[in-house]
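Asker: In the UniProt record's numbering, the protein residues as written are 1 to 254.
Glycine included, each C-beta is placed from N, C-alpha and C at the ideal position.
Here it is: the structure, laid out below.
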Amino acid sequence: MTEALTPQLISALYEDQAGTVAALLRQGASPSAPDADGETPLYLAAVSGQAELVRLLLEAGAVPDAESRGEPGSEGLPLCAAACWGHEEVVRALLAHGADPNLREDDGTSYTPLMWAAANGHHQTAQLLLEGQADPDAGHGDRTPLMMAAERGSIAVVRALLRHGASPQLTDAQGRTAWHMAREESGKDVESELRRQAGASPDSRCEVRRSPRPEGTELVELIVRAPDGTHAAEYHRETGHAAIVALLEENAPD
1 MTEALTPQLI SALYEDQAGT VAALLRQGAS PSAPDADGET PLYLAAVSGQ AELVRLLLEA
61 GAVPDAESRG EPGSEGLPLC AAACWGHEEV VRALLAHGAD PNLREDDGTS YTPLMWAAAN
121 GHHQTAQLLL EGQADPDAGH GDRTPLMMAA ERGSIAVVRA LLRHGASPQL TDAQGRTAWH
181 MAREESGKDV ESELRRQAGA SPDSRCEVRR SPRPEGTELV ELIVRAPDGT HAAEYHRETG
241 HAAIVALLEE NAPD
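In structure tokens:
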């Protein structure tokens with residue numbers, strides 16, 4: 001395999017050109033070699049949710065757990081990137097080709113794929129990872145996936161974690177369990193909390209969207225606009241905190 005074709009391969013991935021990618025791989029392009037900035041082809045395809053391209057690269061021999069070391073936004077593990085954004089088909093492809101669901105980013109010092117899925121409320125992705133033998137209690141620092149899902153208000157993720165044996169008794173450095181975190185959030189106004197998280201002043205240009213979730217809660221999205229009206233940042237939270245409190249109480253040991 002040759003790395004001389006890497007720039008062309010990266011360009012084809014950016015443009016979502018499956019035919020060109022397949023042709024370059026047949027010509028000997030390396031499916032794993034990073035570009036000059038350290039970004040790997042597989043990471044680029046994974047973070048973009050390009051399942052067809054991910055499969056092409058994996059079938060050509062791309063290393064599923066090779067960590068990309070590109071610029072911010074282009075660094076990390078392919079499985080973590082897919083889990084973070086809820087790209088289920090990419091997660092399936094990576095797991096099918098041997099990606100380790102318990103591997104941590106940043107050379108083993110940071111989040112697992114399951115933590116990314118839990119933090120962002122992707123319950124189907126979390127379910128796939130758990131079925132792929134992800135450790136439900138493997139956290140980072142003093143925070144577990146269950147705590148992250150409870151704090152976010154993602155009842156569906158909490159249910160999936162509990163079904164796969166996550167411990168609701170684990171505590172953070174302050175002695176708080178996932179129940180405490182959900183309880184603390186249950187009395188708060190979600191929109192106000194998102195504004196606080198975003199550092200948005202009362203007169204900031206913000207757009208709020210509310211979308212019903214299948215489990216009876218809502219996904220609340222706060223979109224902050226830059227002064228020129230362009231899209232600056234998004235913040236998300238769900239309204240399942242009260243339901244999570246009740247669920248964790250049901251799962252408390254006698």
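Report back the beta-carbon spacing between A118 and V157 to the nearest angstrom; my notes put them in contact at under 8 angstroms.
Answerer: 5 angstroms
Asker: Quick check on P212: does DSSP put it in helix, strand or coil?
Answerer: DSSP places P212 in the strand class (E or B) of the three-state scheme.
Asker: Can you confirm whether the region 118 to 135 touches the region 145 to 152 when touching is taken to mean that 3 or more C-beta pairs between the two stretches lie within less than 8 angstroms?
Answerer: yes
Asker: Determine the extent of the beta strand (DSSP E) in which L219 is found, giving its start and end residues.
Answerer: First-last of the beta strand (DSSP E) with L219: 218 to 225.
Asker: For residue 342, which residues of its own chain have a beta-carbon under 7 angstroms away from its beta-carbon, when the five flanking residues on both sides are left out?
Answerer: The shown model of the chain, from 1 to 254, leaves out residue 342, and the question about it has no answer.
Asker: S211 to R176, Cα distance in whole Å?
Answerer: 30 angstroms
Asker: Considering Cα atoms alone, identify which of R152, V190, S154, R143 is closest to Q169.
Answerer: R143
Asker: What is the rounded straight-line gap between the Cα of Q94 and the Cα of S192?
Answerer: Per the sequence shown, residue 94 should be read as Leu rather than Gln. Roughly 38 angstroms between the two C-alpha positions.
Asker: Could you name the residues that DSSP lists as bridge partners for H241?
Answerer: Partner(s): none; H241 has no beta bridge.
Asker: Closer than 7 angstroms by C-beta to V63: which residues in its own chain qualify, once you throw out the five before and the five after it? Chain order, please.
Answerer: S32
Asker: Give me, in chain order, the residues of the same chain whose beta-carbon lies closer than 7 angstroms to that of A232; leave out the 5 immediate sequence neighbours on both sides.
Answerer: V224, R225, A226
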